[in-house]
Structures are given as structure tokens and as C-alpha cells.
Amino acid sequence: MINSGEGFRLPDQRNFELATQRTLELNRSRFLATQDFNKICQNSGAVFQPPFIQLEYFGFKVKVDTRNAAVTSPDTDLSLREEALILHYLLKADRTPVLHEQISFKELPEGANYQPVFYNRVLKGLIALYTADKAKLSLSALSLGGKKTDQADMSFLFQALPRLPLWLVFWQGDDEFPPEGNIIFDRSISHYLDTEAITEICQNLGHRLSQKTP
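FYI, the numbering for the sequence shown is 1 to 214, going by UniProt numbering.
1. Go ahead and label Leu-129 buried or exposed: buried means 16 or more other beta carbons lie within 10 angstroms of its beta carbon, across all protein chains shown.
2. Could you tell me the alpha carbon to alpha carbon distance between Ala-160 and Phe-177, rounded to whole angstroms?
3. Could you compute how far the alpha carbon of Glu-82 sits from the alpha carbon of Lys-147?
4. Which residue or residues does DSSP assign as beta-bridge partners of Tyr-57?
5. What residues in its chain sit with their C-beta under 8 Å from that of Ile-86, if we drop five residues either side in the sequence?
6. Identify the residues that DSSP records as bridge partners of Gly-181: which are they?
7. Could you check if Arg-95 is buried or exposed, using at least 16 other CB atoms within 10 Å of its CB as the buried criterion?
8. At the level of alpha carbons, what is the spacing between Ala-141 and Asp-153?
9. Which residues does DSSP list as the beta-bridge partners of Lys-106?
10. Give the C-beta separation of Arg-163 and Val-98 to the nearest angstrom, bearing in mind that I take them to be a contact with Cβ-Cβ under 8 Å.
11. Compute the distance between the beta-carbons of Ala-84 and Phe-31, then report whether it is under 8 Å.
12. Mapping the DSSP letters down to three states, classify Cys-199 as helix, strand or coil.
13. Leaving out five residues before and five after Lys-212 in sequence, what residues of the same chain have Cβ atoms less than 7 Å from its Cβ?
14. Using DSSP with H/G/I as helix, E/B as strand and the rest coil, what is Glu-6?
15. So, at 7 Å on beta carbons, what are the nonlocal neighbours of Leu-108 in its own chain, with the 5 sequence-adjacent residues on each side left out?
Dropping the structure here:
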């Protein structure tokens, strides 16, 4: 597991529900202790309409109640992991602008060591969706707010959070090379999520795409 100080923690698979709840409660406590909600919004690109902080998550409207740190959405059901992730984003954001410089997971802090886990948890499933039915995956990506780009053989840009773009890219492969897929980030992403949280938001993207791709 990555040593990310007070950052996001992926749950231990042996105690999944308990660890998820603990991560959420810790982030709620840190959020409520911060109190400077105007600064949080300035740093994260969210909007403060007391008592709520409002932002979008993959195009879904989300509000965070500053009185109790409850994270809700009128547009979708959020998992406990997603609630914890959104709070983590608000707490870590430091107002760094999008740098318009793309990087891979390996270029993140400790990303090279964590790459095999990222592949197994995220990329393997996305590549399977791509190879099973490209047309359905494309429709699913568009319905989740993805915008087609001209990278690779098929690619989409998602605005995961206000200052957090993600590029989902696929290569079709040929007789010699199998299909491949990847998620690309803006170099500023580590100012908004730590490396484990980046893995988590990518895993959430894959999960939501798989729900929309029967």
C-alpha cells in the first residue's frame, strides 16, 4: 500500500466494508475541522452556497453539507468509497491550474511501483469492455459525459471533478499485438488526489462504464 500520509486509503480487501467506512469517517472529520469552506471551494473549483458545497462528479451534480460532511447527489447513487473520494479531493485541492501536459500512471508519485495493481484493478477490465463491444463502450462513455478525442484508435475525455480531466484511450491492436487501453492524466492531478485516490477514481470510472455496457 502506498504511504500517502493522511491521504486516501484503498480498503483492505479482508475488511472491505469496515475499512471503507473508516476512510469516510476520517475524511469527514478532517473536512469538518477545516471550517474555511470558501478556501476549499477556491482551491477545488467547487461552489459554496451555504450550507452546501456544490460540484460535479463525472457530470453528476453533488453537494456536500458543511454541517455534517454528508455527500449526496440528486442524479446518482454514490458509494461510500465515492463519498470518501470526493471529500479527499476537496481537502487536497490547492488551486493548481490544469497544466495541459499529459502523463501516465507510471509518472505519478510511486506510480511505477504500483503499476501492476493499477493494471489489474482498472485497465484489465476496461480493455475487456473495449474488446467485447467497442460500439456499446462508446455509447456508455458518451452517456457518462465523455467527449470523443482523436487520440489512439478510440478515446474519450472525462471531466471527473472540476479540475480533474481524465483521458480514456484504446488501441485496437493487430495480428501481432493485442488490444491495449490506458487512462492518461494532466500533470496537475497530484495536487488534487494522491496516487491511491487516483487508482480509486479510475476504478470508479470503469465500474460505471461496465454498468452502462451490458
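We put the CB at the ideal spot given by N, CA and C, even for glycine.
On the basis of the supplied data:
1. Under this definition Leu-129 is a buried residue.
2. Their Cα atoms are separated by approximately 30 Å.
3. One C-alpha to the other measures close to 22 Å.
4. Under the DSSP definition of a beta bridge, Tyr-57 partners with Phe-60.
5. Same-chain partners within the cutoff: Leu-55, Tyr-57, Val-62, Val-64, Val-71, Leu-78 and Leu-161.
6. Answer by DSSP bridge pairing, in chain order: Phe-170.
7. Label assigned to Arg-95: exposed.
8. Here the C-alpha atom of Ala-141 lies approximately 15 Å from the C-alpha atom of Asp-153.
9. According to DSSP, which records beta bridges pairwise, Lys-106 is partnered with nothing at all.
10. The pair is a contact, with the Cβ atoms about 6 Å apart (cut-off 8 Å).
11. No, the pair does not count as a contact, with Cβ atoms beyond the cut-off.
12. In the sequence on display, residue 199 carries Thr and not Cys. Of the three classes helix, strand and coil, the one that applies to Thr-199 here is helix, per DSSP.
13. In its chain, beyond the 5 residues on either side, Ser-140, Ser-143 and Leu-144 have a beta carbon closer than 7 Å to the beta carbon of Lys-212.
14. With a pLDDT of only 49 at Glu-6, under 50, the local geometry of the prediction cannot be trusted, and the value read off the model is given with reservation. Note: Glu-6 maps to coil in three-state DSSP.
15. So the qualifying residues of the chain are Ser-190, Thr-195 and Ile-198.
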